[in-house]
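Take a look at the structure below.
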Amino acid sequence: MRPLALLICIIVLFLVTEARYNPRKGLAAGRQRKHKYQDEGEAFVVLVAGSNGWYNYRHQADVAHAYHTLRNHGIPEENIITMMYDDVANNPLNPYKGKLFNRPHGKDLYKGLKIDYKGASVTPENFLNVLKGNASGIDGGNGRVLETNDNDRVFVYFTDHGAVGMISFPDGILTVKQLNDVLVWMHKNKKYSQLTFYLEACESGSMFEEVLRSDMDIYAISAANSHESSWGTFCENDMNLPCLGDLFSVNWMTDSDGEDLKTETLEFQYELVKKETNLSHVMQFGDKDIAKEAVALFQGDKEDREYVEDFGLSASKSVNWPARDIELNHLISQHRKSNDLLSSNKLEYKINRIKETRRAIKRNVHMIVQKFFDGESEDLISRVLTQTRPVLDLRCHHIAVHLFKKYCINFNEYEYAMKYVKVINNMCIYRRIEEIVLALPDICMDIDIEQEVAIRLEKEFL
């Protein structure tokens, strides 16, 4: 064989081998890896799906996927704490009983999943006590908490609905103040050597922007910046399921599933996922020197390629929907495909109910601002209603959003109301918390979203 032909054969053989070895078909080919993997201490993980309900299917599928990704990379079962409401796999609406999927016709991720906190035990209080290692503060679940020291690394992955300076739980909310206070406490009490936090939620960047210090050995990545939606993925699927995953989440797990994490850095994973998550701006915060560390230090150092799925359809090229529109869009899609008159009418009613609920929420938020800023200029009122700012007064924001949830509109009953948390944050910019505390309960006294919606739907359908 001629030297040139031999050289060509060698190159082709090398490329074919690489393509088989890389489950993402060369996506990461040509990278320069200079990191030398070093391990000290153990890796501990906290995984949280903060929602419930059938149309939030993707959050529990995300966490189930994350669990298997980390287990298959060698994180011991006893080092992973999982919080998930667990009402999806066996939901009456699930055509695949006892199963969860994170991509169309993928692997059943519910099989082998270990859940430590289910149902009513999935609370912000339990989550914070798990992080602190405070077993005495736990209510429900199996009581497991992080038992870590200053040699250990902690990886936290949280997926759910979010808002400016807030993330949600099935029956509660967690503010940026609460989360930051616990992270500061963990650092002060030497509960880790390094901590990495991946957060999937709308406006998730607001949980760290201008808040997370760079001197606490914490590195955070958010699915979106502080003023935009995160996105569901695999939303139009032939399995008759709601969105199967979240775009950012599926992207980081797809990368982790197919890589030798001892040679991939957090920085490389961030840059890759940032590029693949093409509908929101993936952000990084905190101590960015940690990004130079190997992903394996937080997600496991066992090389695993048996778990890699068929990546013929990437998440970014599937049908993706804004997180707050997923239930509505899924119902509209079902209505469009329906050939049954009775089923079509029921779907139409549900669609109209969601739309009327959104209108009622918007009307009431505008009413609250108009009354609270009575006598002020239209320009100021417009800024309060529309501007998105970082959370700077953590105490005011924390108190105000809890007041709003209690007296005005409950975020857990009406997830769409989280879109307007930016308004509450703006109220804290222009007024003192004492004024807000005095005014909100009276202003919101007569708000009844359910009654408003019922009246309008009755007029429409009669």
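If you're matching positions, the sequence shown starts at 199 in this note's numbering and goes up one per residue. Don't be surprised by glycine CBs; every beta carbon is placed ideally from N, CA and C.
Only buried fits residue 266, as 16 or more other CB atoms lie within 10 angstroms of its CB. A distance below 7 Å between beta-carbons, with the five flanking residues on each side excluded, links residue 465 to the following residues of its chain, in chain order: 489, 490.
Between residue 497 and residue 417, the gap from beta carbon to beta carbon reaches 9 Å or more.
Less than 9 Å separates the beta-carbon of residue 388 from that of residue 347. Look at residue 575 here: in three-state DSSP terms it is coil, with no helix or strand label. In this chain, the alpha helix (DSSP H) harbouring residue 561 covers 539-570.
Per the C-alpha coordinates, the member of 467, 313, 351 positioned closest to residue 390 is 351.
Taking a 10 Å sphere around the C-beta of residue 467, we find 16 or more other C-beta atoms and assign the residue as buried. Within the region 237-282, complete alpha helix (DSSP H) segments of at least 4 residues are found at 255-270, given in chain order. Here residue 442 is not near residue 452, since their CB atoms are 9 Å or more apart. With respect to the C-alpha of residue 382, the residue from 396, 330, 315 having the closest C-alpha is 330. Straight across, the Cα-Cα distance linking residue 656 with residue 557 is about 15 Å. Secondary structure remark: continuous beta strand (DSSP E) runs of at least 3 residues inside the region 392-439, in chain order: 392-398, 416-420, 429-431. Here the region 395-408 does not lie against the region 286-305, with fewer than 3 beta-carbon pairs under 8 Å apart. With respect to the C-alpha of residue 499, the residue from 587, 458, 474 having the closest C-alpha is 458.
Under DSSP, the beta-bridge partners assigned to residue 481 are 420. In the three-state scheme derived from DSSP, where H, G and I count as helix and E and B as strand, residue 643 is classed as coil. Within the region 342-395, the alpha helix (DSSP H) runs of at least 4 residues that lie entirely inside it are, in chain order, 374-386. In this structure, the CA atom of residue 404 is about 45 Å from the CA atom of residue 539. The C-beta of residue 258 has 16 or more other C-beta atoms within 10 Å across all chains shown, which makes the residue buried.
Around residue 586, the same chain offers 362, 424, 425, 620 as residues with beta carbons nearer than 7 Å, after the five sequence neighbours per side are excluded. By the neighbour-count criterion, in which a residue is buried when 16 or more other Cβ atoms sit within 10 angstroms of its Cβ, residue 474 is buried.
Only buried fits residue 462, as 16 or more other CB atoms lie within 10 angstroms of its CB. By the CB criterion at 9 Å, residue 384 and residue 324 fall outside the cutoff.
Put simply, of 469, 580, 548, 460 the residue whose alpha carbon is nearest the alpha carbon of residue 449 is 469. In this structure, the straight-line span from the alpha carbon of residue 322 to that of residue 316 is close to 13 Å. Between the alpha carbons of residue 647 and residue 415 lies a gap of roughly 44 Å. Within a 10 Å sphere around the beta-carbon of residue 555 sit 16 or more other beta-carbons, which makes this residue buried.
Annotation: the continuous alpha helix (DSSP H) that includes residue 474 extends over 464-474.
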